Amino acid sequence: MRQQAQYETDVLVVGGGPAGTAAALSIKHGVCPRAVDVGALQTSLRAGGAILDENDIAEANSKPQFWEQ
40 MRQQAQYETD VLVVGGGPAG TAAALSIKHG VCPRAVDVGA LQTSLRAGGA ILDENDIAEA
100 NSKPQFWEQ
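Numbering (the working numbering), first residue to last: 40 to 108.
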């Protein structure tokens, strides 16, 4: 079951999760999507498990993978 949940999370991020997060932030802050604070968007995406740069890759690799648990 955990493997399926991980797969669904990965697909969500690739399939438009970041755009939806940006849209939600734009509504929350009352700004157009282009005016969304990029740092706030990145923080929100990382909180959901997104990997955005090399540091995120290193952090993800330091944790046990779902198949190792």
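Don't be surprised by glycine CBs; every beta carbon is placed ideally from N, CA and C.
Keep in mind that this is a model prediction, so the values were computed, not measured.
#### Entry: Closest Cα partner of Gln81 within the set Lys102, Leu64, Phe105, Gln104
As a working mapping, residue 81 is identified with position 42 in the sequence shown. When only C-alpha atoms are compared, the closest one is Leu64.
### Query
So what does DSSP say about Ile90, is it helix, strand or coil?
Mapped onto the sequence shown, residue 90 falls at position 51. If DSSP states are grouped into helix, strand and coil, Ile90 belongs with coil.
### Best match in Gln104, Pro103, Val77 for proximity to Leu91 [C-alpha to C-alpha]
If you number the sequence shown from 1, residue 91 lands on position 52. Answer by Cα proximity: Val77.
### Cutoff 8 Å; reference Gly56; Cβ partners in own chain excluding five residues on either side
Translated into the one-based positions of the sequence shown, residue 56 becomes position 17. Leu84, Gly87, Ala89.
### Query
First and last residue of the alpha helix (DSSP H) that includes Lys67?
Taking the first residue of the sequence shown as position 1, residue 67 is located at position 28. Taken as a continuous stretch (DSSP letters only), the alpha helix (DSSP H) holding Lys67 covers 56–68.
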